[in-house]
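Presented below is the structure to which this report refers.
Number of protein chains: 2
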Amino acid sequence: MESEKIESIVKAVVEELSRRGQTGAGSGGPPKSSSPPVKKNKLKIAVLGAGNSGNAMAGHLVLKGFSVNFWSFFDFELAPVIQNGGIRMEGEVAHGLAKPEMVTNCLDKAVKDVDLIMINTPATVHRTLASILCGLLRDGQIVVLNPGRTGGALEFARTLKRYAIRAKIFLAEAQTFIYAAELRGPGAVEILKEKNKMRVAALPAKDNRCVMDILVQVYPQIEAAQNVLETSLNNVGAVNHPAPMLLNTSIIERSAAGEDLRFYRDLITRPIVEMVMEKIDDEKVSVAKAFGLDAWTCLDWYRESYGVTGPSLYDVYHNNPYYLGFHAPTDILQLNNILDEVPNSLVPLASFGDLVGIDTPAIDSLINLACTMIDIDFWTEGRTVESLGLGKRSPKEMLQYVEEGDPFGRCREGRLCRSISWTQNGVLRTQSGVLKGS
Amino acid sequence: MESEKIESIVKAVVEELSRRGQTGAGSGGPPKSSSPPVKKNKLKIAVLGAGNSGNAMAGHLVLKGFSVNFWSFFDFELAPVIQNGGIRMEGEVAHGLAKPEMVTNCLDKAVKDVDLIMINTPATVHRTLASILCGLLRDGQIVVLNPGRTGGALEFARTLKRYAIRAKIFLAEAQTFIYAAELRGPGAVEILKEKNKMRVAALPAKDNRCVMDILVQVYPQIEAAQNVLETSLNNVGAVNHPAPMLLNTSIIERSAAGEDLRFYRDLITRPIVEMVMEKIDDEKVSVAKAFGLDAWTCLDWYRESYGVTGPSLYDVYHNNPYYLGFHAPTDILQLNNILDEVPNSLVPLASFGDLVGIDTPAIDSLINLACTMIDIDFWTEGRTVESLGLGKRSPKEMLQYVEEGDPFGRCREGRLCRSISWTQNGVLRTQSGVLKGS
């Protein structure tokens, strides 16, 4: 086993080195990007969220020459970036000080006149952001959830509808996050790996071409998924994140006490993989297959995303040279592995499974355990077929809906749509705090 | 009738003038406040939301000598205040340039170290704000929803629980907004009336005393309601706002075309009051009475809040001298009278009615009409007994829950509560965009 592991690591490193020798574009792998192109790319991008992933994406896209507005709700996240004069990019993939066009806590300023809005928050924030963005979005803007977890785009669209969206936007969700990245201190981030391939689907999927035309300008390795059910049901986070968090209280205590521990190295043991995680993977694949979708096992996913292979899923986690950089949590609620992935990955997988008659006992048992340990009823708080607005549809009708439907509830052509004719100014104030005293 | 109306207006004006001659404090009416006290009040207050009500409250509290942090999601709302050097307060109740301690789009900065957080947004924003505030709140802070509409505090608490609140805060909802106020241009607001009396309830109501001790320092005319079911089921907005918006398409078109029309004068006709609004009032009162709560008719409410009386509800609307300042909408979705009050006032009233066996045909018909006209299913999007987390309780158990229960799901004494022991720094990052690349 030890020699297999070394062989696999060597193979992955060699592949990565050869990839960096190429131009990248069109090769299916990520383009080389540590030296920025002289000519500015004309795309204007808002990166929303300033945690590990937001910093990584904003910084990398700046270094690639894009005009980037970088936004977070919180001053404590952006203050170091402002103080440093940019995002400090560390490591091999992208290096240097990346200066966004704008670093702001104002959401309206951040998204004004941008072509592409990249949402890099936990899925717990999708509904929140949709409710605030609703009145700010403009015709033709593309919104991408990085990633959607399970049901992100469906929940986002339903929220936009509930807040009476009028703009004709494009909405898409990614199957995973394009980078493996971790913060390295205030305003500093290391991209451990830019993935070789990532699938994205628009909602509805008939918008795929419009979305992909723009997205491949940013990430040539992105390819279109069939629809958001494919991206949602191939949610690898559901396998990777909750189980190691819930089943490692002693490691978390030791990490909190100051020991240098790593997420994948120390929390992902062979027993946890074989007794729990592989079973979740199997259930996830069964649900996706029951919908007739292109279902990837985690082994498929690591081969395609990272170029990492191995004889078992355990070996793949431990062979993955990009994973050693991820530190262990010091608190069971860190990383959103429970607060985000239980309600927004496991619960909807169980719900979709229920719809197509696939039992999900491993997923169910993890959800029940999380409810018990954290004292939150994730079954009622999480995303379900019903809460995503798919309630009365058969699986076939759901597929039709995510490919051809109108999840935003925009009106039929030629009719008033939520009183467009009455609108007098550019700012729709459905979310702006306007309230009439009674 | 004409002479009755004049008599009633004269009476209200005389009452108001005599009230302003008094010191205000302890009299049950609002204190005189156009000249600020020399000594600064020590309470630190965050006013969240910068529409009509947020500007009115922030400006008035500044002029009363409080330290106020003024926050909105949006630059377009705060930029005029920053540019003007403060909020321009117009009219008799409060006049002058009010300079908040801080005007910011950063929520973390706005709520840091304040004693009292006054949320002045549409109820549509309650869940959104709770999800963002969750990790920022600190032990002992008081959060008040101005107002809660129906179920505001219950929804807010449920959201805090779902986002794993750890701080021990106090949460309360107001039955109405303390002012009648309207913006008078960018960064300028007129307070038409500060209400004579307003009820507030904490959730749970056993916290009433702690909350009231602070609130009466700010508004002496506030008194405690029995519990949040009382404040929620006496929701006058449900009567006043949706019906005139839905049943006045021609007035809204004329207003959009530039005619000077007023909300109460021109949208509230005798037919609309007698054919619809009084019936909604009756249903609302019946539901509150079925819970054994102190139920106010709209006539009671106008007498207590405004000191305005009259032979019928129609007369009261038209006799109310403070109401003429409210302009007619130019769009059916303005003022949040539909997007906010249908799902957050009418739907929960129907749901509570259903629970106690009170039919609500007038309320139901308005909800159905709104669903048809606006193409949003408010029945499923709105607040219900179930969505507020009260699902399996009897009315008696609900009363017990809102008075003595723990809606935040904080753990039993002496146990780990969502892993408090693991927390290493002051910032809980459940909402901060932290996301682990997978």
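Protein chains in written order, with this note's numbering: chain A, 5 to 442; chain B, 5 to 442. The beta carbon of each residue, even a glycine, is placed where N, CA and C say it ideally should be.
Considering only C-alpha positions, which residue in the set the options is nearest to residue i?
| i | options | result |
| --- | --- | --- |
| G311 (chain A) | A:V346, A:M106, A:Y326 | A:Y326 |
| I49 (chain A) | A:G69, A:G55, A:S57 | A:G69 |
| A178 (chain A) | A:N150, A:K197, A:P411, A:V193 | A:N150 |
| V72 (chain A) | A:L82, A:F78, A:F80, A:M61 | A:M61 |
| A292 (chain B) | B:W383, B:Q225, B:S355, B:D410 | B:S355 |
| S369 (chain B) | B:P190, B:R203, B:P246, B:D143 | B:P246 |
| H331 (chain A) | A:A294, A:K116, A:I255 | A:I255 |
| M122 (chain A) | A:I91, A:E94, A:F74 | A:F74 |
| G192 (chain B) | B:R387, B:D335, B:E407, B:E81 | In the sequence under discussion, the amino acid at residue 192 (chain B) is Ala, which differs from the Gly named in the question. Here the closest residue by C-alpha is B:E81. |
| V107 (chain B) | B:I91, B:N324, B:F382, B:F412 | B:I91 |
| E186 (chain B) | B:Y321, B:V406, B:M93 | B:M93 |
| D298 (chain B) | B:D264, B:T253, B:D358, B:L237 | B:L237 |
| G152 (chain A) | A:A242, A:F77, A:F78 | A:A242 |
| L47 (chain A) | A:I146, A:A83, A:V280 | A:I146 |
| W300 (chain A) | A:E408, A:K165, A:T180 | A:T180 |
| P411 (chain B) | B:I136, B:L158, B:L137 | B:L158 |
| T125 (chain B) | B:N340, B:Y405, B:T388 | B:N340 |
| V280 (chain B) | B:M249, B:D264, B:F295 | B:M249 |
| G413 (chain B) | A:E401, A:V406, A:C375, A:E408 | A:C375 |
| F174 (chain A) | A:T132, A:C138, A:R188 | A:C138 |
| F382 (chain B) | A:Y167, A:L373, A:T313 | A:Y167 |
| P224 (chain B) | B:I182, B:R188, B:L343, B:A261 | B:I182 |
| K283 (chain B) | B:M377, B:T334, B:L337, B:Y318 | B:Y318 |
| A261 (chain B) | B:G296, B:W305, B:P333 | B:P333 |
| V222 (chain B) | B:L233, B:T253, B:V148 | B:V148 |
| G144 (chain A) | A:K172, A:F78, A:D304 | A:K172 |
| P84 (chain B) | B:E263, B:N324, B:R188 | B:R188 |
| V406 (chain A) | A:L65, A:L233, A:A229, A:A228 | A:L233 |
In the DSSP output, what is residue i paired with across the bridge?
| i | result |
| --- | --- |
| S369 (chain A) | None, per the DSSP bridge assignment. |
| T108 (chain B) | B:W75 |
| Y326 (chain A) | Looking at the DSSP assignment, Y326 (chain A) forms no beta bridge with any residue, so it has no partner. |
| H130 (chain A) | According to DSSP, which records beta bridges pairwise, H130 (chain A) is partnered with nothing at all. |
| H331 (chain A) | A:R266 |
| V389 (chain B) | None; V389 (chain B) has no bridge partner. |
| R92 (chain B) | B:L101, B:A192 |
| V51 (chain A) | A:F74, A:M122 |
| I272 (chain A) | Its beta-bridge partners do not exist; DSSP assigns none. |
| A228 (chain A) | A:V204 |
Compute the minimum distance between the beta carbon of residue i and the heavy atoms of the ligand ADP, and state whether it is under 7 Å.
| i | result |
| --- | --- |
| A294 (chain B) | Although the ligand ADP was asked about, the structure shown includes no ligands whatsoever. |
Beta carbon of residue i, beta carbon of residue j: below 8 Å?
| i | j | result |
| --- | --- | --- |
| V134 (chain A) | T154 (chain A) | Per the sequence shown, the amino acid found at residue 134 (chain A) is Ala instead of Val. The answer is no: Cβ separation not under 8 Å. |
| A102 (chain B) | G58 (chain B) | no |
| R266 (chain B) | L328 (chain B) | yes |
| E96 (chain B) | K201 (chain B) | no |
| V277 (chain B) | T235 (chain B) | no |
| L140 (chain A) | V115 (chain A) | yes |
| S206 (chain B) | A161 (chain B) | For clarity, residue 206 (chain B) is Ala in the given sequence; the question names Ser instead. In this structure, A161 (chain B) does not lie closer than 8 Å to A206 (chain B) by Cβ. |
| N446 (chain A) | L392 (chain A) | This structure cannot settle anything about residue 446 (chain A), because the visible part of chain A is limited to 5 through 442. |
| R258 (chain B) | H322 (chain B) | no |
| N244 (chain A) | L353 (chain A) | no |
| T132 (chain A) | T132 (chain B) | yes |
| F295 (chain B) | V360 (chain B) | yes |
| L67 (chain A) | G100 (chain A) | yes |
| K165 (chain A) | I336 (chain B) | no |
| S76 (chain B) | A54 (chain B) | yes |
Going along chain C in order, which residues have a C-beta closer than 7 Å to the C-beta of residue i?
| i | result |
| --- | --- |
| N109 (chain B) | Of the chains in the structure shown, none is chain C; the protein chains are A and B. |
Next on the checklist: For the segment 278 to 287 of chain A against the segment 356 to 373 of chain A, do three or more pairs of beta-carbon atoms, one drawn from each stretch, fall closer than 8 Å, so that the two count as touching?
Outcome noted: yes
Checklist entry - Does the segment 345 to 356 of chain A come close enough to the segment 216 to 232 of chain A that 3 or more CB-CB pairs lie under 8 Å? => result no
Next on the checklist: Three or more C-beta pairs under 8 Å: does that hold for the segment 177 to 197 of chain A against the segment 391 to 398 of chain A?
Outcome noted: no
Next on the checklist: Does the structure place the segment 205 to 214 of chain B close enough to the segment 102 to 121 of chain B that three or more beta carbon pairs sit under 8 Å?
Outcome noted: no
Checklist entry - For the segment 145 to 219 of chain B, which segments carrying the beta strand (DSSP E) assignment without a break, of at least 3 residues, lie completely within its bounds, in sequence order? => result 146 to 149, 174 to 178, 183 to 187, 192 to 198, 202 to 206
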